[in-house]
Amino acid sequence: MTMLDTVLDGPSLRQERRLITEVAGPRLRELAAPRADALPAGWSGGAPVYTVAAGGGIPVDVDGNSFIDLGSGIAVTTVGNAAPPIVARAADQLARHTNTCFLATQCEPYIEVAEILNRLIPAPTTNAPCCSTPAVKPSSTPERPPSVPPWSSSITRSTADRC
694 MTMLDTVLDG PSLRQERRLI TEVAGPRLRE LAAPRADALP AGWSGGAPVY
744 TVAAGGGIPV DVDGNSFIDL GSGIAVTTVG NAAPPIVARA ADQLARHTNT
794 CFLATQCEPY IEVAEILNRL IPAPTTNAPC CSTPAVKPSS TPERPPSVPP
844 WSSSITRSTA DRC
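Taking our numbering as reference, the numbering of the sequence shown is continuous, increasing by one, and the terminal residue is 856.
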């Protein structure tokens, strides 16, 4: 039995911090070896926590600890984890069809989400001074020596570094 078998109904989770084990508890430590075998070493996590459930602002880890979601769930900052309206919409879409890569095959819901986001966060009507810098190499930029690979200096000469 896993924690996922015993922790149900993310939206109904109590909104409280509760530590049952030390952080990086025994179950998390058991997962360290399979993780190291399956993932690249550079693929890091922000906290020593493997979540199995979440609701509102509280994730629950594999050891049963509940935390305040200081990372705001990254993508759930305004609605909370497992927000019922979001879960219902996602379940509806999953039952109809899933599309994992819009770049491969397009689908209308992707465009609908983009339109909603564009209404909520409209693009600026004028470019900010930083963004209006022309993307051309100024004549004063020194040429790259032939021994330096082209990719090695692309960031240092980008438009962004002049902002």
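Just so it is clear, CB atoms sit at the ideal spot from N, CA and C, and this is done for glycine as well.
- For the pair V753 and S759, the Cα-to-Cα distance works out to about 4 angstroms.
- With contacts defined by Cβ atoms closer than 8 angstroms, G738 and N774 do not form a contacting pair.
- Annotation: A746 to P815 spans about 33 angstroms, alpha carbon to alpha carbon.
- CA-CA distance, N811 to P817, rounds to 11 angstroms.
- A straight line joining the alpha-carbon of D756 with that of L712 spans about 9 angstroms.
- One alpha carbon belongs to V716, the other to I751, and they sit about 15 angstroms apart.
- Scanning its chain for C-beta atoms nearer than 6 angstroms, with the 5 sequence neighbours on each side dropped, one finds no residue around P727.
- CA-to-CA, the gap between D730 and T791 works out to about 29 angstroms.
- Secondary structure at A740: coil, using DSSP grouped into helix, strand and coil.
- Distance from the CA atom of D762 to the CA atom of A781, rounded to whole angstroms, is 22 angstroms.
- DSSP places P802 in the helix class (H, G or I) of the three-state scheme.
- Around the Cβ of L813, a 10 Å sphere holds fewer than 16 other Cβ atoms; the residue is exposed.
- Beta-bridge partners assigned by DSSP to I751: G748.
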